Amino acid sequence: MEEKNFFQRNMKWIIVLVVIVLILLWGMGKYNFFVRQGEQVTAQWAQVENQYQRRFDLIPNIVETVKGVAKQEQTVFGDIADARTRYSGAVTVDQKAQAATQVESALGRLLVIAENYPVLQSSQAYRDLIVSLEGTENRISVERMKYNDLVRVFDTNVKTFPTSILAKIFGVTEKTYFEVPAAAQVVPKVDFVN
0 MEEKNFFQRN
10 MKWIIVLVVI
20 VLILLWGMGK
30 YNFFVRQGEQ
40 VTAQWAQVEN
50 QYQRRFDLIP
60 NIVETVKGVA
70 KQEQTVFGDI
80 ADARTRYSGA
90 VTVDQKAQAA
100 TQVESALGRL
110 LVIAENYPVL
120 QSSQAYRDLI
130 VSLEGTENRI
140 SVERMKYNDL
150 VRVFDTNVKT
160 FPTSILAKIF
170 GVTEKTYFEV
180 PAAAQVVPKV
190 DFVN
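What follows is the structure, given as structure tokens:
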């Protein structure tokens, strides 16, 4: 009778062990992928917040410039201050996105008001601030788009099989898209008949 070596005697166990090791390596790779993607989403949201901060730094200057000309528009100034306060107190991405939308709405009303004051329109300081604000708004738009792209990639991996099983095992959940509410898509109306 021919004597079998170790590998020949234990071939099925070796195959099982190799398959288990490969599955574990694949699982660890996917876990690390979730971690990397989650960090990219977080970093991109930080970029959105950087642009919000840039906007928030510009807003007081614009408000003060408009205040000097349009003293009767105090409610808009109060709305902007309230929205900025809500943003600074927001903790989650959803809360910050909601507060940023409120800032955008109040800022839109302020810009509509400013258009009705020719003296303000002729001010070089005001025009410079508005150009800076427009640039910042463009940057915010780009950073939001990048954020949503990363969230899409992350969520696709969380939802697709077989990585969805690993996502559940590791406790990985979907990220939230930045969506502009329908109310914020409406052009603000200013009524001067009061």
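Read in order, the letters of the sequence shown are residues 0 to 193 in numbering that gives the first Met the number 0.
Cβ atoms here follow ideal geometry from the backbone N, Cα and C, with glycine treated the same way.
Owing to the predicted nature of the structure, the values given are computational and were not obtained by experimental measurement.
In terms of Cα proximity to Ala-113, the closest of Tyr-30, Thr-175, Val-65, Glu-136 is Val-65. When Asp-148, Ile-168, Arg-85 are compared, the shortest CA-CA separation from Val-40 is found for Asp-148.
Runs of the alpha helix (DSSP H) lying entirely within the region 30 to 118, each at least 4 residues long, are 73 to 88, 92 to 114 in chain order.
Cβ-Cβ distances below 8 Å link Phe-55 to Arg-83, Tyr-86, Val-102 in the same chain, with the five nearest sequence neighbours on each side left out; the list follows chain order. As summarised for the region 124 to 161, there are no continuous beta strand (DSSP E) elements at least 3 residues long confined to that stretch.
In the structure shown, the three-state DSSP call for Phe-177 is coil. Only residues of its own chain outside the window of five on either side were considered, and among them Phe-33, Val-157 have a CB closer than 7 Å to the CB of Val-171, listed in chain order. The C-beta of Val-118 has fewer than 16 other C-beta atoms within 10 Å across all chains shown, which makes the residue exposed. Exposed is the label assigned to Leu-24, since fewer than 16 other Cβ atoms lie within 10 Å of its Cβ.
The beta carbon of Ala-96 sits closer than 6 Å to the beta carbons of Phe-177 from its chain, once the five residues preceding and following it are set aside; these are given in chain order. Thr-74 counts as exposed, since fewer than 16 other C-beta atoms from the protein chains shown sit within 10 angstroms of its C-beta. If you compare the alpha carbons of Met-144, Leu-106, Lys-3, Asp-154 with that of Leu-128, the shortest gap goes to Leu-106. The shortest CA-to-CA distance from Gly-26 to any of Lys-174, Asn-60, Ser-163 is the one to Ser-163. The C-beta distance from Val-92 to Thr-175 rounds to 6 Å, short enough to fall under 8 Å.
DSSP places Ser-122 outside both helix and strand once states are collapsed to three, so it counts as coil. The beta-carbon separation of Glu-142 and Val-47, rounded to 5 Å, stays under the 8 Å limit for a contact. Contact annotation, Phe-153 with Tyr-30: C-beta distance approximately 14 Å; criterion of less than 8 Å not satisfied. Contact check for Val-62 and Leu-109: beta-carbon distance about 7 Å, within the 8 Å limit, so the pair qualifies.
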